[in-house]
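Participant:
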Amino acid sequence: MNILIAQAREDQASRILENTLESSATLRTAIDTTWQQTIKGPLFVALGDVGAIIAVVFIGFWFISWVKILVSDDAIVGPHALQELIVPILLLFLLGNPTNRGNLLGETILNSNKVMQNISDYVIVSLRQDIKDFNPVHEAAVQMSATRIYRRATKDCLKYEFGDKNRRACLLDADQKIFDLLYPYRTRSWYREFREQVKIPVQLLSTGIPDIGEIRGQDPREVSHFLTGLSDVVSDAVTSILFGMGVAFVIAIEHAKLLTALVAPVFLGASILPVPGKPITWWGTTYSGLGLLEILYKTLVGLGSLSILNAGPTDPLIFPLVISLFGIFIAILLAGGGGIALFSGIARMGTAGLPRRY
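For our numbering, add 83 to where a residue sits in the sequence shown, where the first one is 1.
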């Protein structure tokens, strides 16, 4: 769940990355535990019983349909007959054990979910193979935090009168926080330029110049965009909302997949019904589509974070926007337009050319 970013307090700046990783790991563990408890719980077993009952009730209809295929004059009856045997075989292995109904099916679903999570995680950390333990999402979050510390310091600390020891202490403390936060990334290509941009100017410690824009050689009315914008209160609130949207989106995907996984036994049992198409194929299309949506979203967030790192200092709101609105919208657009259409095509291939049963 390494796209989930925890916003650490600025008086703990040296532990922002640690807090981020810890929060991400905690949420990942909580979701994994929910999956384990649900798929291995009594509700899944009960739904497995329902699927098995449906299969038993309608096995006769399936057998009659299968015999019709065998006696058909169709030249490709052999492959069709073998294809029709797939569902009963799956039922026998996945739902056939009355003492431990659905255990194998549950393990298969859990393993498939783990594979999809590993794929999305691997994509993010593999965006730069020349850097060990590279995670653009975490590093972009660290840059954002450093920029926010810098903005707040150059605004709040200068409220003290020149010569006031609190002014110097405030600025030095902010600069030390930024240094501690960025130090683990001193070997990164973006570090040197970014550090210079968010370094507290020494002039603020020794002169009475009140405006940071003057020190940077800028007109005070044209200060860099990332030093201006919304007020701190509004900016913090908007950032929290945007991060919350990203986190909620990932949680929603995980629980949508879990709900889909939960009803798998019913769809498998219903696949014995003599109807065109297989309900288990429809189920697989939905489940795979949700997995693809999660992979696309995490990949988009990773690519956006990499671009932010390469761009240098940016407005702190850009990263939350990538995490939330833009990432969510584009991922849904891609999954709905291309990925899910692909899985739907595969599902249609499974029923193409089959004779009508009624």
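Cβ coordinates follow ideal geometry from the N, Cα and C atoms, glycine included.
Take the Cβ of Phe-277 as the centre, count every other Cβ of all protein chains shown within 10 Å, and call the residue buried at 16 or more, exposed below.
Facilitator: Residue numbering aside, residue 277 sits at position 194 when the sequence shown is read from its first letter. The residue in question, Phe-277, is buried, as its Cβ has 16 or more Cβ neighbours within 10 Å.
Participant: Pick out the complete alpha helix (DSSP H) segments inside the region 214-289, 4 residues or longer, and give them in chain order.
Facilitator: 219-239, 248-265, 274-280, 286-289
Participant: Can you name, in chain order, every residue of its own chain whose Cβ lies under 7 angstroms from the Cβ of Thr-311, other than the five neighbours on each side?
Facilitator: In the sequence shown, the residue the question calls residue 311 occupies position 228. Residue confidence is low: Thr-311 scores 42 on pLDDT, short of 50, so the model does not pin down where it sits. Its coordinate-derived value is still stated next. Excluding positions up to five away in sequence, the list is empty.
Participant: To the nearest angstrom, how far is it from the Cα of Ala-344 to the Cα of Asn-393?
Facilitator: To locate residue 344, count along the sequence shown from 1; it is residue 261. To locate residue 393, count along the sequence shown from 1; it is residue 310. Cα to Cα, the separation comes out at about 39 angstroms.
Participant: Go through its chain and collect everything with a Cβ distance to Ile-415's Cβ below 8 angstroms, but skip five positions before and after it.
Facilitator: The residue given as residue 415 occupies position 332 in the sequence shown. Closer than 8 angstroms at Cβ, skipping near neighbours: Leu-376.
Participant: Classify Asp-247: buried if its beta carbon has 16 or more other beta carbons within 10 angstroms, exposed otherwise.
Facilitator: Position 164 of the sequence shown, counting from 1, holds the residue named residue 247. When all chains shown are included, Asp-247 counts as exposed.
Participant: Specify the secondary structure class of Ile-363 as computed by DSSP and reduced to three states.
Facilitator: Along the sequence shown, read from residue 1 onward, the residue named residue 363 stands at position 280. The answer is helix: DSSP assigns Ile-363 an H, G or I state.
Participant: Do Val-220 and Ser-388 count as a contact pair if the criterion is CB distance below 8 angstroms?
Facilitator: Within the sequence shown, residue 388 is the residue found at index 305, counting from 1. Within the sequence shown, residue 220 is the residue found at index 137, counting from 1. Contact: yes.
Participant: What is the residue span of the alpha helix (DSSP H) that Ile-411 lies within?
Facilitator: As a first step, residue 411 is located in the sequence shown; it is residue number 328 there, counting from the start. Looking at the DSSP string, the run of the alpha helix (DSSP H) that includes Ile-411 is 410-417.
Participant: Is Ile-334 helix, strand or coil by DSSP?
Facilitator: Position 251 of the sequence shown holds residue 334. Ile-334 falls in the helix class under three-state DSSP.
Participant: Classify Ala-252: buried if its beta carbon has 16 or more other beta carbons within 10 angstroms, exposed otherwise.
Facilitator: Along the sequence shown, one-based indexing puts residue 252 at 169. Its Cβ having fewer than 16 others within 10 Å, Ala-252 is exposed.
Participant: Where does Ser-272 land, buried or exposed, given buried means 16+ other C-beta within 10 angstroms?
Facilitator: Translated into positions along the sequence shown, residue 272 becomes position 189. Its Cβ having fewer than 16 others within 10 Å, Ser-272 is exposed.
Participant: For the alpha helix (DSSP H) that Val-346 lies in, which residues bound it at each end?
Facilitator: On the sequence shown, residue 346 is found 263 positions in, with the first residue counted as 1. Counting along the chain, Val-346 falls outside any alpha helix (DSSP H), and DSSP gives it neither H nor E.
Participant: How far does the alpha helix (DSSP H) with Leu-404 in it extend, from its first residue to its last?
Facilitator: Indexing the sequence shown from 1 puts residue 404 at position 321. That run of the alpha helix (DSSP H) goes 401-404.
Participant: Would you call Leu-373 buried or exposed, if buried means 16 or more other Cβ atoms sit within 10 Å of its Cβ?
Facilitator: Residue mapping note: residue 373 aligns to position 290 of the sequence shown, counting from 1. Under this definition Leu-373 is a buried residue.
Participant: Could you give the DSSP three-state label for Lys-197: helix, strand or coil?
Facilitator: Translated into the one-based positions of the sequence shown, residue 197 becomes position 114. Note: Lys-197 maps to helix in three-state DSSP.
Participant: Could you tell me the distance, in whole angstroms, from the CA atom of Gln-259 to the CA atom of Ser-228?
Facilitator: Counted from its first residue, the sequence shown places residue 259 at position 176. Counted from its first residue, the sequence shown places residue 228 at position 145. One C-alpha to the other measures close to 13 angstroms.
Participant: Do Val-225 and Tyr-268 come within 8 angstroms of each other at the CB atom, strictly closer than that value?
Facilitator: Taking the first residue of the sequence shown as position 1, residue 268 is located at position 185. Taking the first residue of the sequence shown as position 1, residue 225 is located at position 142. Yes. Within cutoff.
Participant: Please classify Glu-172 as buried or exposed, where buried requires at least 16 neighbouring CB atoms within 10 angstroms.
Facilitator: Indexing the sequence shown from 1 puts residue 172 at position 89. The sequence given here places Ile at residue 172; Glu does not occur at that position. Its Cβ having fewer than 16 others within 10 Å, Ile-172 is exposed.
Participant: With hydrogens ignored, establish whether the beta-carbon of Asp-239 is closer than 7 angstroms to any heavy atom of the ligand GDP.
Facilitator: What this structure holds is no ligand at all, so the ligand GDP is not there to describe.
Participant: Is DSSP giving Pro-171 helix, strand or coil here?
Facilitator: For this step, residue 171 is matched to residue 88 along the sequence shown. The answer is helix: DSSP assigns Pro-171 an H, G or I state.
Participant: Looking only at its own chain, which residues have a Cβ that is under 7 angstroms from the Cβ of Ile-202, when we skip the five neighbours before and after it?
Facilitator: The count along the sequence shown starts at 1 and reaches residue 202 at position 119. Within the same chain, Ile-202 has close Cβ partners Ile-378.
Participant: Within 8 angstroms (strictly less), CB to CB, does Cys-253 reach chain B?
Facilitator: Given the protein chain composition of this structure (a single chain), no chain B is represented.
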